[in-house]
DNA sequence: GAAAAAAGTTGACACTGTCAACACAAGTTC
DNA sequence: GAACTTGTGTTGACAGTGTCAACTTTTTTC
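Residue numbers (this note's numbering), protein chains in the order written: chain U, 21 to 220; chain C, 21 to 220.
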């Protein structure tokens with residue numbers, strides 16, 4: 021099977037991204053590192069975008085695994101919190117992959133179906149955890165509400181990570197990485213989930 | 021003054037970004053459109069990164085103005101909500117600028133001080149709105165708490181926008197742009213802000 | 001008007017993605 | 001066994017890019 025051959029290129033590509041960022045990735049450099057000609061990578065990826073899409077896809081696979089590995093506790097809130105930690109741990113521990121998934125201009129996702137499938141799969145994991153909360157509250161929730169909640173949770177986590185990165189070099193050292201910050205975040209998120217219908 | 025000369029290039033650059041995305045921006049294309057030689061832009065910007073940084077800086081200026089233009093109401097919560105709408109309106113109405121600010125790999129911000137200053141200024145506007153809430157609750161809040169809250173709010177908004185863009189092309193059409201979604205989001209955010217210390 | 005500064009020009013270099021055509025191994029089919 | 005397909009790699013080219021260097025023109029300033 022050709023999968024092994026592909027791996028060689030993906031590994032080299034990831035290495036380059038680690039060293040020089042996504043922008044710095046070039047198929048020619050990949051070829052150079054593997055000691056092959058500059059056209060060899062094109063036998064496995066139709067274009068530069070396709071190898072980036074493959075990197076993103078694999079990142080989503082890893083990401084899904086991390087989310088699924090979160091402790092499955094009885095209390096669905098505790099489970100969601102555990103998943104939240106997994107999310108933030110992943111973002112912190114594998115910044116390369118995280119940035120590939122969420123910080124990169126998505127290549128036209130129509131042209132990269134498998135990448136988008138993995139992306140959707142990851143989202144569904146979160147969706148399911150939220151659904152568990154709703155079921156536990158014995159509220160029959162519409163699908164739209166579920167998406168709404170999931171979006172809220174993911175928004176908060178994703179935005180937190182992004183801004184943590186973005187604001188990393190401000191004057192006053194704002195400690196964002198501490199777990200106190202996480203707990204505060206989770207607390208607020210749970211408040212938002214516990215009381216879904218009320219206002220205005 | 022040289023500002024006007026610079027403007028010419030910035031405008032052309034923005035036009036190109038609008039048509040072909042940030043990736044598609046090249047100084048040579050800028051020059052071409054202005055009918056000047058390929059080196060002319062280098063008289064105004066030391067490198068391609070510098071013109072991108074300038075685009076980002078100007079976006080932050082606009083962004084700050086939009087945030088400041090939000091209705092200043094008596095109720096600080098209402099004010100924050102108004103600012104939230106301004107935020108989302110900006111993200112929706114000027115996606116180019118928004119993406120430049122938050123969706124682009126920040127160039128080494130040490131090398132682009134003015135860009136970072138504008139970025140900080142925008143964040144401070146939000147910070148002040150949050151501070152008003154705390155003061156209204158007559159809770160003397162530590163600076164760290166303020167940052168924590170501001171991060172939470174911004175996280176939610178930013179993450180919401182990002183995922184709205186990212187998930188735009190899923191199978192089931194999830195209506196994220198509706199104002200019902202916004203209200204639900206704001207409601208949750210306010211819940212998180214009203215009850216700051218309790219858990220665990 | 002001369003000096004100085006700002007702005008623009010031409011020419012090169014190394015690098016990139018990608019197209020086209022060719023080379024060569026392994027395996028399959030007749 | 002011969003012909004053929006398939007997977008992989010190669011060489012060579014082309015246009016496009018950022019950027020350095022040196023030169024020229026325009027504009028501003030005194």
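All C-beta atoms, glycine included, are put in the ideal place defined by N, C-alpha and C.
Here the structure is a predicted model, which means the values were calculated and not measured.
The beta-carbon of residue 132 of chain C is placed no less than 8 Å from the nearest beta-carbon of chain U.
Take the alpha-carbon of residue 49 of chain C and the one of residue 120 of chain U: they are about 28 Å apart.
A Cβ-Cβ distance of about 6 Å is found for the pair residue 28 of chain U and residue 54 of chain U, placing them in contact under the 8 Å criterion. Identification of residues in the segment 163-181 of chain C having a C-beta nearer than 8 Å to some C-beta of chain U yields 163, 164, 167, 168, 171, 172, 174, 175, 176, 177, 178, 179, 180, given in sequence order. The C-beta distance from residue 68 of chain C to residue 135 of chain C rounds to 14 Å, too long to fall under 8 Å, and the pair is not in contact. Residues of the segment 49-80 of chain U that bring their beta carbon within less than 7 Å of a beta carbon in chain C are absent altogether. Closest option to residue 72 of chain C, judged by alpha-carbon separation, among C:45, C:87, C:58: C:45. Three or more Cβ pairs drawn from the segment 165-182 of chain C and the segment 202-214 of chain C lie within less than 8 Å of each other, which places the two stretches in contact. Straight through space, the alpha carbons of residue 47 of chain C and residue 153 of chain U are spaced by roughly 52 Å.
Taking 9 Å as the cut-off between beta carbons, the residues of the segment 200-212 of chain C near chain U are 200, 201, 203, 204, 205, 206, 207, 208, 209, 210, 211, 212, in sequence order.
For residue 65 of chain U, same chain residues with a beta-carbon under 6 Å away, outside a window of 5 residues either side, are 71 in chain order. In this chain, the alpha helix (DSSP H) harbouring residue 96 of chain U covers 96-113. With at least 16 other beta carbons inside 10 angstroms of its own, residue 213 of chain U counts as buried. When the five nearest sequence neighbours on each side are left out, the beta carbons in the same chain lying within less than 6 Å of the beta carbon of residue 91 of chain U are those of 102, in order along the chain. Between residue 81 of chain U and the set U:163, U:145, U:155, the nearest pair of CA atoms involves U:145. Sequence-distant Cβ neighbours of residue 37 of chain C in its own chain, meaning closer than 8 Å and more than five residues away, are 44, 45, 75, 116, 120.
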